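Right, one structure below, let's go through it.
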Amino acid sequence: MPNSREMLLNILYRTKTRLKDKVSPFQIECLEMLQKKIRAIQVDEFTETNLLVCNILLDQCFCDLEDMVPRESRIIGLINKANLSNEDFYTKINHIFDKEIKKLNHCLRDAFYDQTFINVKRILIDMKTELTRLKTALDHKIEDAKAPCFLH
């Protein structure tokens, strides 16, 4: 049976492959970025911290393994809608990241120091930052396309 990291990477890969022609290039680029960020999680065979981190990411951010929240509250459920504008997609994923970071902040305040939560929070902040960078680049492309060309 695959571990949570492998499961998460497989889910992202299958989702990207299945939706490649159904969602915008920006959303595909976001999926690819998320895959890269998951692959970049350091593997620690001794403490298996990477698996704990991926467990939290898998269940809390990307999927809802217990099916307890609306599908759109998780990234994969949101992407599977395949009819969101880039702006809605960005806003909703950003909201998911904000909500999970806030939840982790609360856990870190109420619980004993837990390196796993700190690692998850760091990864979420990194993903959110990269998502914002991708959205800014998209906005610049759109703006450049709208700008009149004065070259003769």
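Take any residue in the sequence shown, note its place counting from 1, add 4, and you have its number in the working numbering. Glycine included, every Cβ here is placed at the ideal spot set by N, Cα and C. Keep in mind that this is a model prediction, so the values were computed, not measured.
Span of the alpha helix (DSSP H) around residue i
i   : result
P29 : 29 to 43
S89 : Neither: S89 is in no alpha helix (DSSP H) and is coded neither H nor E.
L56 : 53 to 60
Helix, strand or coil at residue i according to DSSP, with G and I counted as helix
i    : result
A151 : coil
N7   : coil
F2   : Outside the displayed span of the chain (5 to 156) sits residue 2, for which this structure offers no information.
D102 : helix
D143 : helix
S26  : Checking the sequence shown, residue 26 turns out to be Lys, not Ser. Reduced to three states, the DSSP call for K26 is coil.
C65  : helix
R78  : coil
D130 : helix
Euclidean distance between Cα positions of residue i and residue j
i    : j    : result
M11  : E147 : 38 Å
K145 : K132 : 20 Å
R78  : K96  : 9 Å
D118 : L128 : 16 Å
E52  : H99  : 29 Å
M5   : P152 : 55 Å
S8   : L61  : 9 Å
L142 : F30  : 7 Å
N87  : N14  : 22 Å
F121 : C65  : 13 Å
R43  : K150 : 36 Å
L23  : L108 : 31 Å
F157 : K106 : Residue 157 is absent from the structure shown; the chain starts at 5 and stops at 156.
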